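The block underneath contains the structure these notes are about, expressed in structure tokens.
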Amino acid sequence: MSSDTSTDRSSWNLYVITDEALAGGRSHEEQTRAALAGGARVIQLRDKQASSSRLYEAALTMRRLTRAAGAILIVNDRVDIALAADADGVHVGPDDLPVAVARRLLPGRLVGASAGTVDEAIAAARDGAGYLGVGAVYEARGSKADAGAPVGPERVAAVRAAVTLPLVGIGGIKATNAAAVIAAGADGVAVISGIVAATDMTAAARALSEIVAAAKRER
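As numbered in this note's numbering, residues -7 to 211 make up the sequence shown, in order.
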């Protein structure tokens, strides 16, 4: 799947980020299969502890699964792994490669960027980001120690007013608060523990997919 998918806003409804520690040791492959079965159409491989070789093997497996499902595969931080596994793109945060550099290294692919403020969102859009992860919207427990203080759906609305890129809200999002993120203008929600820490990951993904789709219909 090419980066042209970024223009299809429905693709961003549910964006699942894998994490083996939060998933109780369940593999990136198992998480990917479950998330896709539940309706996720963007999967991000995130693993800060794995060796490059292990990350590459996981990315290859996830590439095969996402391609078969017509879904997008993003690799967190690692441009080299994204290229090696032919992923659809990479996601970079404030401590990773600058957006402009990732954009230059990945022509024709997606470069996602984290944005906690309107200024950060505008800068990322200027530098070539293809989509933005805005947050932490709510308090993120256990998934990202560096998520920062929650900014609320109001920040999503402010970023939405400032940029035209696809936006996904991230940080503490679950079934009880996802609709508010969509109502604020997000194109979807990015979820880690709300899905991968669930006993039934597929059911959790399906529930969030349905909530997001309903919230978008009501906007």
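Idealized CB from N, CA, C, for every residue including glycine.
This structure is a prediction, so every number in the text was calculated from the model and none was measured.
Note that the C-beta distance between Val204 and Asn68 is not below 8 Å. Just measuring C-alpha positions, the residue of Ile114, Leu65, Ser201, Leu47 sitting nearest Ile165 is Ser201. Listed in chain order, the non-local C-beta contacts of Ala42 below 6 Å within the same chain number zero, local neighbours out to five positions each way being set aside.
Among the bridge pairs identified by DSSP, Leu124 is matched with Ala105, Leu159. In the displayed model, Val129 falls within coil according to three-state DSSP, outside both helix and strand.
The shortest C-alpha to C-alpha distance from Ser3 to any of Ala197, Gly144, Gly180 is the one to Gly180. The alpha-carbon separation between Gly163 and Leu14 amounts to approximately 14 Å.
For the pair Ala116 and Val143, the CB atoms are not nearer than the 8 Å cut-off.
For Ala182, the beta-bridge partners assigned by DSSP are Tyr7, Ile162. Contact annotation: Ile35 and Thr24 have beta-carbon atoms nearer than 8 Å. Beyond the five residues adjoining it in sequence on each side, Val71 comes within less than 8 Å, by CB distance, of Val82, Leu89, Ala94, Leu97, Leu98 in the same chain, given in chain order. Taking Glu210 as the centre and dropping the five residues before and after it, the same chain places no C-beta closer than 7 Å to its C-beta. Rounded to the nearest whole angstrom, the CA to CA distance from Asp39 to Ser106 is 17 Å. Relative to the Cα of Ala63, the nearest Cα in the group Ala171, Gly30, Leu47 belongs to Gly30.
Remark: C-beta atoms of Val110 and Val84 do not approach each other more closely than 8 Å. Look at Leu98 here: in three-state DSSP terms it is coil, with no helix or strand label. Under the three-state reduction of DSSP output, Val148 falls in the helix class. Contact check for Ala27 against Met193 passes: the beta carbons are separated by less than 8 Å.
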